[in-house]
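Asks: All residue numbers for the sequence shown refer to this note's numbering, where the first residue is 36 and numbers rise by one.
Don't be surprised by glycine CBs; every beta carbon is placed ideally from N, CA and C.
Note that the structure is a prediction, hence the values are computed from the model and not measured.
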Amino acid sequence: METQKGAKIGFVSRIDFGSKGFRQSAVRESFRILEKDEGTHFNVLVGGLVAQKAIVEQMKAYVKEKSAKLAPKERAARRAEFEESFLRKCARELAKIIPEVRGSDPENPKNERILDLFIVTSPAFDGEVGERIAHLLAEERKDVRVGDNPGSERLVVKYVDKVIWILTPVKAVWMRGDYYSTAAERVIKDKIKQTSQGSPDCYVVGGFGSSIHKPKGELRYQYFSVPACHRLEDTRIAENQVGVSVLEYSADGRRRSYRTHSLKDLTSRELGFIVPPERASANQKKIIERLKVRGSLTPGIIKHDLGLSVKDIEREMASLMRKKTFRRNGENWPGIYYQEHGRKYYFDLDYIQNRLRYAPLVGPFQEDRIVGFACLHAGSVETDYNFFVNRVPEIILTQNAQLLVGAGDIIEGNEHDLMIKGEVIGGADNTVQEKWAANMIGMVISKVFKTRFDQAMQGVDKDKLNSEKIIELVKAALLVFNVIPGNHDLWSKKHGHNPLEIFRSTLEAYLNAHIQNTLSGYKLPFVPVGHIVGERVISESVHQLPSGLKLSVQHPHLSRAKTTSIRPQEMLEFGKRMGCQVTIGANFHVGEIVNEWDMDLGQCVCMELGTIKHGSNFERNKMKTVDQGVGSLKIVSKGQRIIMTEGVFDGEDNPGPPINNLDVINMFLQKIGIVPIK
Numbered sequence: 036m037e038t039q040k041g042a043k044i045g046f047v048s049r050i051d052f053g054s055k056g057f058r059q060s061a062v063r064e065s066f067r068i069l070e071k072d073e074g075t076h077f078n079v080l081v082g083g084l085v086a087q088k089a090i091v092e093q094m095k096a097y098v099k100e101k102s103a104k105l106a107p108k109e110r111a112a113r114r115a116e117f118e119e120s121f122l123r124k125c126a127r128e129l130a131k132i133i134p135e136v137r138g139s140d141p142e143n144p145k146n147e148r149i150l151d152l153f154i155v156t157s158p159a160f161d162g163e164v165g166e167r168i169a170h171l172l173a174e175e176r177k178d179v180r181v182g183d184n185p186g187s188e189r190l191v192v193k194y195v196d197k198v199i200w201i202l203t204p205v206k207a208v209w210m211r212g213d214y215y216s217t218a219a220e221r222v223i224k225d226k227i228k229q230t231s232q233g234s235p236d237c238y239v240v241g242g243f244g245s246s247i248h249k250p251k252g253e254l255r256y257q258y259f260s261v262p263a264c265h266r267l268e269d270t271r272i273a274e275n276q277v278g279v280s281v282l283e284y285s286a287d288g289r290r291r292s293y294r295t296h297s298l299k300d301l302t303s304r305e306l307g308f309i310v311p312p313e314r315a316s317a318n319q320k321k322i323i324e325r326l327k328v329r330g331s332l333t334p335g336i337i338k339h340d341l342g343l344s345v346k347d348i349e350r351e352m353a354s355l356m357r358k359k360t361f362r363r364n365g366e367n368w369p370g371i372y373y374q375e376h377g378r379k380y381y382f383d384l385d386y387i388q389n390r391l392r393y394a395p396l397v398g399p400f401q402e403d404r405i406v407g408f409a410c411l412h413a414g415s416v417e418t419d420y421n422f423f424v425n426r427v428p429e430i431i432l433t434q435n436a437q438l439l440v441g442a443g444d445i446i447e448g449n450e451h452d453l454m455i456k457g458e459v460i461g462g463a464d465n466t467v468q469e470k471w472a473a474n475m476i477g478m479v480i481s482k483v484f485k486t487r488f489d490q491a492m493q494g495v496d497k498d499k500l501n502s503e504k505i506i507e508l509v510k511a512a513l514l515v516f517n518v519i520p521g522n523h524d525l526w527s528k529k530h531g532h533n534p535l536e537i538f539r540s541t542l543e544a545y546l547n548a549h550i551q552n553t554l555s556g557y558k559l560p561f562v563p564v565g566h567i568v569g570e571r572v573i574s575e576s577v578h579q580l581p582s583g584l585k586l587s588v589q590h591p592h593l594s595r596a597k598t599t600s601i602r603p604q605e606m607l608e609f610g611k612r613m614g615c616q617v618t619i620g621a622n623f624h625v626g627e628i629v630n631e632w633d634m635d636l637g638q639c640v641c642m643e644l645g646t647i648k649h650g651s652n653f654e655r656n657k658m659k660t661v662d663q664g665v666g667s668l669k670i671v672s673k674g675q676r677i678i679m680t681e682g683v684f685d686g687e688d689n690p691g692p693p694i695n696n697l698d699v700i701n702m703f704l705q706k707i708g709i710v711p712i713k
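Here you go:
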């Protein structure tokens, strides 16, 4: 019988039940994504089941109300009973709010079952009341499983034989900061110092409202952070992300992809789902639109904005307040209420929190698939040439990428006496290095082209192919390659050379020859493809993707920082200044993916790329390790607004030693019969 292949785990964090930011619709949409769009195998709520402070205040009010008519001694005696009653009430409400997720049985995919929901509470955000509510919720729902250790839970992922360590903040005091990685990495470092257990495959950190994908390499560990799932009303650390995430393992457990579905466009525009009630007057419709744009309004502001008299306003609002609420297909009328203390009108906030429904997004959606590399350093003794020319084409085909990005430092260069220090193979000068890089990258693009062209030719009647159709097939199979120079490439500029000029001409000639050989192999008529190659090999720091999203490609002339998300966030900010929602950058030999929502551009993402080298003497002497490999990015959008991002990092886990220049010399000596040098 067929069993589950790979593993797909859903993560939700900080639903913050009881707080002003709690949104039942966000919770339902998150679990809908996990069930319908993703088909997860199990799900985890990573801290923030409830908002501790809000729940404690509500519990005090509940106990006070229940005790109002009791004698003082009886109040004290029954206090614990009333508190327990309140917490059970919260658990029953949550049991109705959090949807049950159904999925296939891992032992028999044809059968369906209710999936497990693991809850790991956070002492900082849930507190003792949240921990108690979680256990009461488990009594209400058989699918709910609560971890034994608040703040920390190790989960074994069956079928891929991996251990993931779920962490939530334990300490309640967190300093506000600008950088998303600080808080998440602090929690991980604290756990590493405290624990006596072995390392997991990765850490998953919740509670901080961020979305980070950090591979292992620069750090001893790999980790992911989980967005919040409520409307952000307050910032305790550096919360920015609202959504739900999924970690997926391939069948062999080697590849990990991390997806973040953003819901912040929905929560930030939730008033857009409010429509006027039936038979609303023209003035009432105008007032409703002003409330949606400006928030709560006094009669004086309405008078100023719309030119109505106070008497007319009071009459119109009294009529609106009598109209019944309704909800249908993403359209809601929550009702109006009047705040006596502030003398303001606003929508019913309880309705917005608990009953308002978001309209689901419907297609068509656009997809952009990108594979990026940087710091190839062609000519270096440390570069993993085998990985690049053999694994990277496979990765591009697996990801079905249409764009290949080279984010600088294509060659090693010869500044800083690199050749004399033995960092460059066989005395390769800049010209040789550029040709070397062109041949390597040409191999990668050509392998992808050949595979795709062969697939396109299956079942095609070659005799019916005209020049236009052949050109169409060539364009469909040929990657777009966007490459920018890095600081190593630019070293040659001071000698009066245009960086990567020889590289580009060599690459275009290589691709042109390979494409013609492929066409000749099918005995197809000759068609000129030089102009196609010229259009596909580009150098654009700002590039428009097929979806309409804008991509910023960067190679900052800076060093890495101890706080890992500083450079990705800086590159993201620089890209946003140019209207780019997607940023790919490098120079730091480390990798990281950071998502950030912007009030103008919506969800944005930065993929910081590592290097194809496994290190260098320069870095080792500074006690630095690197993230080796390439990064892949999939972006789903609609109307130039990002809905989902997926990131994957691939590298060589078992690197060989650096190339020894003495071995190169001895190969030549042996050919002519000279005794090798020892």
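#1: Taking L559 as the reference, which of I505, T541, P235 has the closest Cα?
#2: Can you say whether R294 is buried or exposed, counting buried as having 16 or more other CB atoms within 10 angstroms of its CB?
#3: On the DSSP bridge assignment, give the partners of C615 in chain order.
#4: Hey, quick one: how far does the alpha helix (DSSP H) through I716 stretch, first residue to last?
#5: With a floor of 3 residues, list each beta strand (DSSP E) that falls wholly inside the segment 85-141, ordered by position along the chain.
#6: So, using beta-carbon positions, are E253 and T660 closer together than 8 Å?
#7: Mind checking whether K696 and I460 have CB atoms under 8 Å apart?
#8: Three Cβ pairs or more, each shorter than 8 Å: is that satisfied between the segment 267-286 and the segment 64-78?
#9: So, at 6 Å on beta carbons, what are the nonlocal neighbours of R167 in its own chain, with the 5 sequence-adjacent residues on each side left out?
#10: Give every residue of the same chain whose Cβ lies closer than 8 Å to the Cβ of Y214, excluding the five residues on either side of it in the sequence, and list them in chain order.
#11: Which residue or residues does DSSP assign as beta-bridge partners of N517?
#12: Quick one: Cα of L411 to Cα of P591, how far?
#13: Who are the near neighbours of K358 in its chain, counting only those whose CB is closer than 6 Å to its CB and skipping five residues on each side?
#14: Please report how far the alpha carbon of Q663 lies from the alpha carbon of V572, in whole angstroms.
#15: Looking at the secondary structure, which residues open and close the beta strand (DSSP E) in which M642 lies?
#16: To the nearest angstrom, how far is the alpha carbon of G620 from that of G288?
#17: From E608 to P334, what distance separates their C-alpha atoms?
#18: Which word fits A106, buried or exposed, when buried means at least 16 other C-beta atoms lie within 10 angstroms of its C-beta?
#19: Tell me whether E268 sits in a helix, a strand or coil according to DSSP, three-state version.
#20: To the nearest angstrom, how far is the alpha carbon of M36 from that of L282?
#21: Quick one: residues in its chain with C-beta nearer than 7 Å to the C-beta of E175, no 5 flanking neighbours on either side, listed in chain order?
#22: For G244, count neighbouring Cβ atoms within 10 angstroms of its own Cβ and tell me buried if that reaches 16, exposed if not.
#23: Is R329 helix, strand or coil by DSSP?
#24: Under 8 Å, do V617 and V640 count as touching if we go by C-beta distance?
#25: Since V416 and P693 are thought to touch, with beta carbons under 8 Å apart, how far apart are those beta carbons, to the nearest angstrom?
#26: Could you tell me the alpha carbon to alpha carbon distance between F160 and L267, rounded to whole angstroms?
#27: Contact check, L384 vs I405 under 8 Å by CB: the rounded distance?
#28: Leaving aside the five residues before and after Y258 along the sequence, list all residues of the same chain whose C-beta is less than 8 Å from its C-beta, in chain order.
#29: Should H265 go down as buried or exposed, given a rule of 16 or more other Cβ atoms within 10 Å for buried?
#30: Taking 8 Å as the cut-off, does the segment 628-648 touch the segment 359-374 (at least 3 CB pairs, one atom from each stretch)?
#31: Within a Cβ cutoff of 8 Å, which residues of the same chain sit near Y284, ignoring the five residues on either side of it in sequence?
#32: Write down the C-beta distance between G407 and M94 rounded to the nearest angstrom, noting that I regard them as a contact closer than 8 Å.
#33: Across the segment 387-402 and the segment 442-458, are there enough close Cβ pairs to call them in contact, namely three or more that are closer than 8 Å?
#34: Identify which residue in S582, I712, H339 has its Cα closest to the Cα of C615.
#35: In whole angstroms, what separates the C-alpha of V397 from that of E64?
Replies: On the basis of the coordinates in this document:
#1: Checking every option, the nearest Cα to that of L559 belongs to I505.
#2: Buried, since its Cβ has 16 or more Cβ neighbours within 10 Å.
#3: Answer is none; C615 lacks a bridge partner.
#4: There is simply no residue 716 to check, as the chain begins at 36 and stops at 713 in what is shown.
#5: With a minimum length of 3 residues, the continuous beta strand (DSSP E) runs that stay inside the segment 85-141 are 137-139.
#6: In this structure, E253 lies near T660, with their beta-carbon atoms less than 8 Å apart.
#7: With the sequence shown as reference, residue 696 is identified as Asn, and Lys is not the correct amino acid for it. Result yes, Cβ atoms of N696 and I460 sit closer than 8 Å.
#8: By the criterion of at least three beta-carbon pairs nearer than 8 Å, the segment 267-286 is in contact with the segment 64-78.
#9: The beta carbon of R167 sits closer than 6 Å to the beta carbons of L122 from its chain, once the five residues preceding and following it are set aside; these are given in chain order.
#10: Closer than 8 Å at the Cβ level, and outside the excluded window around Y214, lie A273, T598, S600, I601, Q604.
#11: Answer is V440, I573, bridged to N517.
#12: In a straight line, the C-alpha of L411 is about 16 Å away from that of P591.
#13: Cβ within range, chain order: P312.
#14: CA-to-CA, the gap between Q663 and V572 works out to about 25 Å.
#15: Counting along the chain, the beta strand (DSSP E) containing M642 begins and ends at 637-643.
#16: Each residue's alpha carbon lies about 28 Å from the other.
#17: Using only the alpha carbons, I get a separation of about 40 Å.
#18: Using a 10 angstroms sphere on the CB of A106, the tally of other CB atoms stays under 16, which defines it as exposed.
#19: Note: E268 maps to coil in three-state DSSP.
#20: Since pLDDT at M36 reaches only 47, below the 50 mark, its modelled position is unreliable, and the value read off the structure follows with that caveat. Here the alpha carbons of L282 and M36 stand approximately 26 Å from one another.
#21: Hits under 7 Å: A126, R127, A130.
#22: By the neighbour-count criterion, in which 16 or more other beta carbons inside 10 Å mark a residue as buried, G244 falls on the buried side.
#23: Looking at R329 - three-state DSSP - the assignment turns out to be helix.
#24: Yes, the Cβ-Cβ distance between V617 and V640 is below 8 Å.
#25: Under the criterion of beta carbons closer than 8 Å, V416 and P693 qualify as touching, at roughly 5 Å.
#26: Rounded to whole angstroms, the gap between the alpha carbons of F160 and L267 is 14 Å.
#27: The distance from the Cβ of L384 to that of I405 is about 41 Å, inconsistent with a contact at the 8 Å cut-off.
#28: So the list reads A219, E220, I223, C237, Y238, V239, V240, I247, K249, once near-sequence residues are dropped.
#29: Buried, since its Cβ has 16 or more Cβ neighbours within 10 Å.
#30: Contact between the segment 359-374 and the segment 628-648 is absent, because fewer than three Cβ pairs lie under 8 Å.
#31: G41, A42, K43, V192, V195, K197, R290, R291, listed in sequence order.
#32: With 8 Å as the limit, G407 and M94 do not qualify as a contact, their Cβ atoms being about 51 Å apart.
#33: By the criterion of at least three beta-carbon pairs nearer than 8 Å, the segment 387-402 is not in contact with the segment 442-458.
#34: The residue with the shortest Cα to Cα distance from C615 is S582.
#35: Roughly 13 Å separates the two Cα atoms.
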